[in-house]
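Numbering (this note's numbering), first residue to last: 16 to 265.
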């Protein structure tokens, strides 16, 4: 089960073993689409993590061609809790009775405004992908990385960018909290999700602070454990959040 997989990944990482991820094969999506059609679905919006970070969207698109009902595959341009916000928007729009194209439009608009940040102990696994850019102005020789312990990253559709490097987890949480406030500026209401790997107490404290300092956010701010794929690439502990203006459809 999912819990068993998470425990196995955690144990492997703790032993220092190299763990990798692989995209689902098209047959897995084909089976899911067939099951949805058999369950009465007339059309399917298939929402996935950023296509520049994973080949999942490609597998889904291949399977969509053989689906017994129309399938629209959507690249959310984000991952983790940001992907969750996009998928939730699609579910709300579908629940309101909108047709497939309108549901996809609502999800795309949401994806355009989602911003996600994570704080990790070391971005080496992420940097190995070649998609990490440093916006801090740190020396290229890695001096700054040796002087600090926590790196704050912003996840976007085309890359993972380093936005700050700090010494402590308290400082990292401060960067995340202040960033959430800045991201929410000008929005009447916002949705915020805090996620973590092996840092539930820190995540709960961050969520409580955001709920107190950000009146536009629904309270309580939800806290969720990150997926196994994020756990593999970000390592543990990890603390992060996603912020987006609330959608018009509720």
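Where is the CB? At the ideal position from N, CA and C, for every residue including glycine.
Since we're looking at a predicted model, the values are computed, not measured.
Query: In angstroms, rounded to a whole number, what distance separates the CA positions of residue 129 and residue 50?; Result: 30 Å
Query: Compare the beta carbon distance of residue 103 and residue 132 with 8 Å and say whether it is the shorter of the two.; Result: no
Query: Between which two residues does the beta strand (DSSP E) harbouring residue 93 extend?; Result: Unbroken run through residue 93: none, as it is neither H nor E.
Query: Can you grab the Cα-Cα spacing for the pair residue 80 / residue 86, in whole Å?; Result: 8 Å
Query: On the CB-based measure, 16 or more other CB atoms within 10 Å of its CB, does residue 46 come out buried or exposed?; Result: exposed
Query: Taking the alpha helix (DSSP H) that residue 239 belongs to, which residues open and close that run?; Result: Where residue 239 is concerned, there is no enclosing alpha helix (DSSP H), although the beta strand (DSSP E) it sits in stretches over 238-240.
Query: Can you give me the C-alpha to C-alpha distance between residue 184 and residue 211, rounded to a whole angstrom?; Result: 13 Å
Query: Quick check on DSSP: helix, strand or coil for residue 216?; Result: helix
Query: Buried or exposed, going by whether 16 or more other CB atoms sit within 10 Å of the CB of residue 228?; Result: exposed
Query: Which runs of the beta strand (DSSP E) at least 3 residues long sit entirely within the region 176-228? Give them in chain order.; Result: 205-212
Query: For the region 105-117 and the region 65-79, state whether three or more C-beta atom pairs, one from each stretch, are separated by less than 8 Å.; Result: no
Query: Any contact between the region 174-182 and the region 197-215? By contact I mean 3 or more CB pairs, one from each, below 8 Å.; Result: no
Query: Around the Cβ of residue 88, are there at least 16 other Cβ atoms within 10 angstroms (buried) or fewer (exposed)?; Result: buried
Query: Should residue 40 be labelled buried (16 or more other beta-carbon atoms within 10 Å of its own) or exposed?; Result: exposed
Query: Considering only DSSP beta bridges, list what residue 257 is partnered with.; Result: 131 and 208
Query: Are residue 207 and residue 258 touching if we call contact CB-CB under 8 Å?; Result: yes
Query: Given a threshold of 16 other Cβ atoms within 10 Å of its Cβ, counted over all protein chains shown, does residue 204 qualify as buried or as exposed?; Result: exposed
Query: With distances taken from CA atoms, which of 240, 241 and 226 is nearest residue 234?; Result: 226
Query: Thinking C-beta only, is residue 202 closer than 8 Å to residue 260?; Result: yes
Query: Output the boundary residues of the alpha helix (DSSP H) element that contains residue 246.; Result: 243-249
Query: Rounding to the nearest angstrom, what Cα-Cα distance links residue 236 and residue 223 in this structure?; Result: 7 Å
Query: Whole angstroms is fine: what's the gap from residue 99's alpha carbon to residue 118's?; Result: 15 Å
Query: Please check the pair residue 84 and residue 56, which I expect to be a contact at CB under 8 Å, by giving their CB distance rounded to whole angstroms.; Result: 6 Å
Query: What are the boundary residues of the alpha helix (DSSP H) that residue 64 is part of?; Result: That residue, residue 64, is in no alpha helix (DSSP H); it is neither H nor E in DSSP.
Query: Pick out whichever of 199, 239 and 91 has its Cα sitting closest to the Cα of residue 71.; Result: 91
Query: What would DSSP say about residue 113, mapped onto helix, strand or coil?; Result: coil
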